[in-house]
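Just so you know, the sequences run in chain order A, B, C and D. Using our numbering, the first residue of the first sequence is number 6, and each one after it goes up by one. Using our numbering, the first residue of the second sequence is number 6, and each one after it goes up by one. Using our numbering, the first residue of the third sequence is number 357, and each one after it goes up by one. Using our numbering, the first residue of the fourth sequence is number 357, and each one after it goes up by one. Don't be surprised by glycine CBs; every beta carbon is placed ideally from N, CA and C. Structure first, commentary second.
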Amino acid sequence: MAGPEIPFTRYIDAEGRAVAALPNSAGTQVLTRLYREMVMARRFDAKMISLQRTGRIPTYPPTLGQEAFHIGLAHAMAEDDALFPTYRDMPSQLARGITLAEALLILGGDERGNDFAGPRADFPQAIPIATQVTHAVGAAYAMKLRGERRAALAIIGDGGTSKGDFYEAMNFAGVWRAPVVFAINNNGWAISMPRDRQSAAGTLAQKSIAAGIPGEQADGNDAVAVYDVIGRALARARDGGGPSVVECLTHRLTDHSTADDASRYRDPGPLSEQWKEEPVQRLRTYLSDEGLWSKEDEEQLIAEIDSRLEETVDGHAASTPPPPEAMFDHLYAEVPADLAGQRRQVMARFAGETGEGDGHG
Amino acid sequence: MAGPEIPFTRYIDAEGRAVAALPNSAGTQVLTRLYREMVMARRFDAKMISLQRTGRIPTYPPTLGQEAFHIGLAHAMAEDDALFPTYRDMPSQLARGITLAEALLILGGDERGNDFAGPRADFPQAIPIATQVTHAVGAAYAMKLRGERRAALAIIGDGGTSKGDFYEAMNFAGVWRAPVVFAINNNGWAISMPRDRQSAAGTLAQKSIAAGIPGEQADGNDAVAVYDVIGRALARARDGGGPSVVECLTHRLTDHSTADDASRYRDPGPLSEQWKEEPVQRLRTYLSDEGLWSKEDEEQLIAEIDSRLEETVDGHAASTPPPPEAMFDHLYAEVPADLAGQRRQVMARFAGETGEGDGHG
Amino acid sequence: MAEVTLVGAVTLALGRALADDPDVVLLGEDIGVNGGVFRATEGLRDAFGADRVIDTPLAEAAIAGVAVGMAAEGLRPVAEFQFMGFIYPALDQVVSHVSRLRNRTRGRLSCPLVIRAPYGGGIHGPEHHSESMEALFAHIPGIRVVIPSSPARAYGLLLAAIGSPDPVAFFEPKRLYRTVKQEVADDGEELPLDLCFVLREGRDVTLVSWGASIKETLEAAEALDEQGLSAEVIDVATLTPLDMDSILASVEKTGRCVIVHEAPYTGGFGAEIAARLAERGLLSLLSPVERVTGYDVIPPGPRTEHRYAVTADRITAAARRAIAFPDEPAGQAAE
Amino acid sequence: MAEVTLVGAVTLALGRALADDPDVVLLGEDIGVNGGVFRATEGLRDAFGADRVIDTPLAEAAIAGVAVGMAAEGLRPVAEFQFMGFIYPALDQVVSHVSRLRNRTRGRLSCPLVIRAPYGGGIHGPEHHSESMEALFAHIPGIRVVIPSSPARAYGLLLAAIGSPDPVAFFEPKRLYRTVKQEVADDGEELPLDLCFVLREGRDVTLVSWGASIKETLEAAEALDEQGLSAEVIDVATLTPLDMDSILASVEKTGRCVIVHEAPYTGGFGAEIAARLAERGLLSLLSPVERVTGYDVIPPGPRTEHRYAVTADRITAAARRAIAFPDEPAGQAAE
Ligand SMILES: Cc1ncc(C[n+]2csc(CCOP(=O)(O)OP(=O)(O)O)c2C)c(N)n1
Ligand SMILES: Cc1ncc(C[n+]2csc(CCOP(=O)(O)OP(=O)(O)O)c2C)c(N)n1
Ligand SMILES: [Mg+2]
Ligand SMILES: [Mg+2]
């Protein structure tokens with residue numbers, strides 16, 4: 006079946022050349038900020054992998070290659086919009102304002118990280134695939150009901166678009182004209198499942214047609230395209246123009262997670278081609294060519310990032326785990342009488358442990 | 006958003022005039038057979054409503070106005086295809102070969118009706134909305150795996166197309182190129198919810214685009230259109246051409262069920278317009294105009310149907326309910342030891358009841 | 357003060373909550389224009405608008421999911437599921453998010469929502485319309501499971517559920533929707549979500565039940581009374597978190613306990629109560645615990661559904677066995 | 357005869373079933389090319405083809421639903437769910453159809469399928485990767501719930517599950533996937549689906565458990581032995597339909613019972629066993645039943661998940677309390 010027409014947006018190509026006039030919203034400040042945070046995302050990712058390899062955090066889902074997506078969309082959002090991220094979207098959360106220390110708590114398996122000081126309406130990462138997208142629609146409904154000029158943004162993977170939740174969310178959003186944007190990170194893989202065996206649909210953006218809402222594609226390796234397309238979709242949503250879907254085409258340049266070994270199912274050939282399209286180098290080339298970024302800028306940025314990361318890791322190592330009774334204390338607004346006995350018991354069992362460092366391992 | 010192009014098929018219009026040359030497959034025999042069974046469907050329906058009103062069967066879902074859909078699709082199927090019906094699709098089941106006595110058992114709340122002698126691979130009616138569509142895809146997979154030239158046909162309502170199951174089923178079918186057809190009975194309503202508030206999609210057929218499979222519409226008041234479009238979709242499926250969606254536009258000319266009162270939510274105005282499009286009269290006019298059906302034929306048919314219905318109702322009234330232990334005897338292949346005590350207890354409690362007539366009421 | 361049915365009391369409570377708190381919204385299938393298939397939301401859309409009494413598309417997983425997003429954004433959604441038999445697509449959201457959002461974010465976000473669903477059999481409904489699967493919900497940490505058994509308790513408990521900062525699954529015994537009327541003052545008074553209700557005091561045996569089966573349990577207590585036996589009747593009402601102390605106190609007094617529910621026997625919530633008696637009330641027990649429950653089967657279709665029902669006779673017989681113990685053999689209620 | 361791990365035994369059994377019966381098909385996420393995220397299906401796609409070892413799109417409700425259609429058409433689908441925490445979207449199909457198709461059609465159609473999912477904690481997995489929600493399934497009439505605790509039982513029980521004409525939910529203790537190796541003959545021998553396994557005979561107390569917690573239960577029995585106390589250990593293995601007779605017979609002998617599971621306390625399947633003891637074993641009980649279980653909370657994240665775990669110490673302490681009764685206060689395992 007011939008696919009429907011789906012718009013595709015790209016501003017900067019794989020060689021770092023502008024293929025279209027950049028949108029007005031992408032001024033110098035924005036561009037360098039996008040770049041700086043993409044570099045942060047990449048170095049943060051490398052750091053987490055090394056922490057995982059040395060047993061200091063559990064299984065970790067890398068973000069390598071998807072920096073333009075994560076940072077572009079975070080900057081497209083207004084501060085009081087609400088983000089509904091997945092386990093792979095820490096760079097977006099960082100760019101939205103959660104702290105590195107909070108991020109490390111989250112990745113280290115400590116729920117306190119989700120009580121972030123940053124964007125208080127943002128959801129924590131959803132682990133069960135696609136369950137967050139209806140949350141975004143409900144939040145968007147609340148925003149609209151109250152007449153607020155805000156929007157919700159849900160992130161979902163290519164694999165996630167196979168789940169009924171995604172479809173039901175789009176359908177509710179369509180009927181309600183809810184201010185929500187569904188941003189698909191089509192990184193080509195759901196663990197070992199390649200995109201083309203996930204769905205016979207020619208594009209994932211066209212799934213929006215099932216709900217009667219607009220869908221388009223952006224080059225997910227081009228931070229400017231992501232920033233622009235999602236920014237416009239969010240603006241339209243806030244202005245009462247209803248929901249939409251933006252499929253961003255990225256590449257997962259590494260394993261699904263630190264527990265995964267992609268060499269079992271993935272040809273190295275295409276992967277090396279995909280590296281040529283990766284987003285950080287692309288934007289650096291563009292900025293350098295425009296005279297907006299120098300070697301010195303780069304060195305300074307990296308030094309700055311690395312020292313912040315070191316500091317954070319050290320801080321985390323020195324942090325104490327939550328007290329034993331914490332597992333009871335946030336389940337209900339108040340601890341119900343029926344749980345008091347179990348809570349007492351746990352406090353007694355681990356009386357020695359609080360503050361004694363990480364029980365993990 | 007401008008909707009995608011969706012083909013629409015109609016052969017006989019509301020006035021009973023052919024608006025296109027009828028397909029070769031719809032010869033005289035087929036046409037009169039379609040008509041005869043549509044009349045049966047309508048009279049069966051009326052009979053069931055009167056049984057319900059007099060307390061002889063529980064809540065009943067009328068089929069008034071949807072006869073062309075139900076009978077057209079049943080005749081489009083091959084005997085060894087498999088049907089996955091909903092609670093509203095008894096006329097299709099009857100046309101597929103289940104007996105009136107079996108139908109009455111089913112509608113009377115007696116599971117033995119589902120052990121029909123007729124099309125043994127057909128599923129029983131699904132009551133939880135949209136749950137049957139993935140069954141059809143799994144059955145189709147089995148047919149394909151075994152190299153059988155068969156297809157599965159799942160029926161779903163307009164409301165049902167809002168459920169994630171429908172989407173997941175289409176998506177699996179698309180990836181597997183499974184021999185399955187999804188026939189949507191878009192009767193305009195899901196209980197009190199009108200079609201246009203069920204989804205912002207311009208057509209329900211276009212939902213197929215989300216799964217990359219073909220979708221088209223047929224005039225669901227035109228039995229020939231239903232018969233033809235679904236017949237071609239099934240043939241394509243059997244021939245390895247993959248799955249498709251057929252949206253049939255019908256009207257629910259009465260309440261959702263005997264427990265419903267549509268006057269609470271439905272304007273009478275459009276309803277009387279819809280009556281003008283109803284399928285039985287339309288086909289009768291066509292057949293009469295073509296000299297294929299006479300007043301005598303009609304009288305004879307009705308007399309024949311009514312006497313069969315009377316006979317069935319009498320037979321049902323004289324039937325005995327299943328024995329008390331039946332609720333234990335078909336849950337597992339053999340009654341597990343752990344259930345034996347409960348089973349004995351029930352047999353003791355109702356020792357007097359077996360064969361004593363209907364305990365219902 | 358008006359005489360209302362149980363479903364009428366639900367409507368009253370919903371209307372009161374909508375009137376008192378602009379953050380309360382209702383959502384579900386057919387709840388707006390149609391007033392709900394059981395008329396629980398009758399008139400509320402007209403009174404409070406289609407934006408707050410929301411007819412949703414047909415998709416239970418989404419109904420639960422959007423309610424989570426609404427609740428986290430500060431609304432107080434009350435989601436109706438048309439029948440308990442159609443609530444399962446929503447279970448993923450309940451287990452994965454509704455019950456966990458507060459814990460996961462250490463209280464930054466929370467999920468103060470109510471899931472309403474009519475449950476139980478006896479209305480001659482087709483398959484899937486007679487479910488009593490409250491035990492599935494009672495095994496999920498982080499939510500409350502509440503089941504009223506009278507108009508007054510429906511009113512007060514539902515208001516408490518809507519007012520609660522915790523998510524509540526509120527299951528309504530549809531068989532009792534219109535069987536009794538009771539004076540209920542629409543005064544906004546909540547009933548406690550952490551206590552059982554002692555409906556009848558007694559000496560010889562404790563009958564523990566909830567929801568629809570309270571009817572037969574009270575009838576059994578009446579029958580026992582006529583036989584000179586005095587039964588205490590406890591309506592658990594809030595299954596979780598459970599007020600076991602009230603049940604233990606009663607069994608300490610009577611020494612016998614019959615637990616009654618319509619749900620299947622194995623793994624029903626009656627098991628939890630019996631288990632706690634075996635742990636904490638063993639020395640009080642003068643006879644084996646009895647459970648009078650549905651059988652471990654699919655409730656048969658309307659033609660024979662009465663055979664599945666929990667009857668006053670079955671309860672009375674179990675209570676008499678318990679009281680007569682050890683003179684009569686025990687534990688036959690659903691061996 | 358090869359030494360295999362528990363997950364290796366699962367692979368052996370799946371391979372054997374695929375080889376012996378052309379109707380057997382496997383389906384699930386990442387089970388084909390990748391061999392499953394736990395490698396339970398390693399090598400099977402290459403051996404039996406992508407048509408019979410099917411990588412599905414990511415949608416659990418559909419995986420269950422298509423399996424129903426396959427089973428009714430005569431295949432023997434074995435569906436893998438990657439983690440129990442992601443099985444909830446499939447529950448609707450399990451409750452509404454898997455468990456009912458035979459009953460609904462009086463046997464005309466049936467649903468001989470197996471649902472496989474790794475369950476339980478202790479692997480430092482993120483949230484939703486440590487679920488033990490077997491009790492939800494054990495309350496559904498019409499299916500069998502089976503949980504192995506050793507390589508040999510994994511092999512024999514899984515073959516029995518695949519061969520069974522009834523649908524089986526088969527939950528694998530992922531914490532034990534690679535902790536022990538055992539000689540398992542790949543001889544196609546099934547183990548019975550209607551009997552508990554007595555893993556260790558004893559006099560003083562009966563320890564009842566299943567799946568992952570069998571490890572700590574056996575450790576506790578060992579520790580008790582060193583203290584001169586003799587514990588009988590029962591692996592329930594098939595939770596439903598339950599072989600209560602074996603448990604009752606043991607408790608009749610020992611007079612004491614400690615039930616151990618990793619799932620939350622309230623409404624866990626331990627409640628059912630304790631309840632049946634209160635009904636049918638009351639006179640055997642010399643001390644209150646004890647349950648040693650997970651707490652009624654969300655298992656904490658990896659950093660502190662060890663606090664949630666059921667340990668041999670907790671079991672030993674409960675057993676000692678039971679044995680010492682009435683000299684020591686009882687019922688504190690999870691009061
Ligand atoms: C409902 C559910 N099923 C299965 C999983 C296990 N799982 C984790 S990630 C993943 C693949 C997701 O792929 P995609 O949506 O493309 O996101 P990506 O990982 O590529 O970012 C799977 C199957 C899960 N987390 N949730
Ligand atoms: C999962 C589920 N939710 C709710 C219901 C209750 N219900 C029965 S019929 C119906 C409307 C279905 O509408 P549609 O799919 O258009 O089919 P129609 O009744 O018009 O044939 C609803 C909501 C149900 N049976 N299953
Ligand atoms: Mg992906
Ligand atoms: Mg309809």
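Unbroken alpha helix (DSSP H) run spanning residue i, endpoints
i, result
"V653 (chain C)", "From DSSP, V653 (chain C) is part of no alpha helix (DSSP H); its letter is neither H nor E."
"L276 (chain A)", "273-280"
"Y475 (chain C)", "Premise fails: Y475 (chain C) lies in the beta strand (DSSP E), 470-475, not in any alpha helix (DSSP H)."
"P529 (chain D)", "No alpha helix (DSSP H) holds P529 (chain D); the beta strand (DSSP E) holding it covers 524-529."
"G371 (chain C)", "362-376"
"A419 (chain D)", "The displayed chain sequence assigns Ile, not Ala, to residue 419 (chain D). Element bounds for I419 (chain D): 416-428."
"R456 (chain D)", "Looking at the DSSP string, R456 (chain D) is not in any alpha helix (DSSP H), and its letter there is neither H nor E."
CB contact flag (residue i, residue j, <9 Å)
i, j, result
"Q130 (chain A)", "I111 (chain A)", "yes"
"V185 (chain B)", "A126 (chain B)", "no"
"V653 (chain C)", "M82 (chain B)", "no"
"Y413 (chain C)", "V180 (chain A)", "The sequence given here places Pro at residue 413 (chain C); Tyr does not occur at that position. Yes; because the gap between Cβ atoms is below 9 Å, this pair is in contact."
"L492 (chain D)", "V524 (chain D)", "no"
"G123 (chain B)", "T139 (chain B)", "no"
"Q211 (chain B)", "P9 (chain B)", "yes"
"T573 (chain C)", "V616 (chain C)", "yes"
Where the beta strand (DSSP E) containing residue i begins and where it ends
i, result
"F681 (chain D)", "Element bounds for F681 (chain D): n/a, residue is neither H nor E."
"Y621 (chain D)", "Careful: Y621 (chain D) lies outside any beta strand (DSSP E) and carries neither H nor E."
"G384 (chain D)", "380-384"
"F493 (chain C)", "No beta strand (DSSP E) contains F493 (chain C), which is instead part of the alpha helix (DSSP H) from 490-494."
"L741 (chain C)", "The question about residue 741 (chain C) has no answer here: the residues shown for chain C are numbered 357 through 691."
Own chain, CB closer than 7 Å to residue i, minus 5 neighbours either side, in chain order
i, result
"G360 (chain A)", "Reliability fails at G360 (chain A), whose pLDDT of 47 lies under 50, so the model's placement of it is uncertain and the value that follows must be treated cautiously. Answer for G360 (chain A): T325, listed in chain order."
"G476 (chain C)", "S486, S488, P529, K530, R531, G567, A568, E618"
"I132 (chain A)", "Y92"
"P433 (chain D)", "V381, L383, A423, M426, A427, L469"
"E416 (chain D)", "F437, F442, I443, P445, A446"
Own chain, CB closer than 8 Å to residue i, minus 5 neighbours either side, in chain order
i, result
"H453 (chain D)", "G421, V424, C467"
Own chain residues within Cβ distance below 6 Å of residue i, not counting five before or after
i, result
"R200 (chain B)", "D163, G193"
"V554 (chain D)", "I590"
- Message: I'd like to know if the stretch 274-285 of chain B and the stretch 221-233 of chain B are in contact, where contact means that at least 3 CB-CB pairs between them fall below 8 Å.
- Response: Segments in contact, yes.
- Pairing CB atoms from the stretch 621-638 of chain C with CB atoms from the stretch 641-654 of chain D, are three or more of them under 8 Å? With a cut-off of 8 Å, the stretch 641-654 of chain D and the stretch 621-638 of chain C count as touching, because enough Cβ pairs lie within range.
- Please determine if the stretch 494-501 of chain C and the stretch 588-600 of chain C are in contact, where contact requires at least 3 C-beta pairs separated by less than 8 Å. Yes, the stretch 494-501 of chain C touches the stretch 588-600 of chain C.
- Does the stretch 83-97 of chain A touch the stretch 204-212 of chain A, meaning 3 or more C-beta pairs lie closer than 8 Å? Because the criterion of three Cβ pairs below 8 Å is not met, the stretch 204-212 of chain A and the stretch 83-97 of chain A do not touch.
- Sufficient close CB pairs (3 or more, under 8 Å) joining the stretch 235-251 of chain B to the stretch 234-243 of chain A: Between the stretch 235-251 of chain B and the stretch 234-243 of chain A, the count of Cβ pairs shorter than 8 Å is below three; the stretches do not touch.
- Item | Runs of alpha helix (DSSP H) lying entirely within the stretch 180-221 of chain B, each at least 4 residues, in chain order | Whole alpha helix (DSSP H) segments, 4+ residues: 200-203.
- Which whole runs of the alpha helix (DSSP H) in the stretch 87-143 of chain A are 4 residues long or more, in chain order? 95-101, 105-112, all fully within the stretch 87-143 of chain A.
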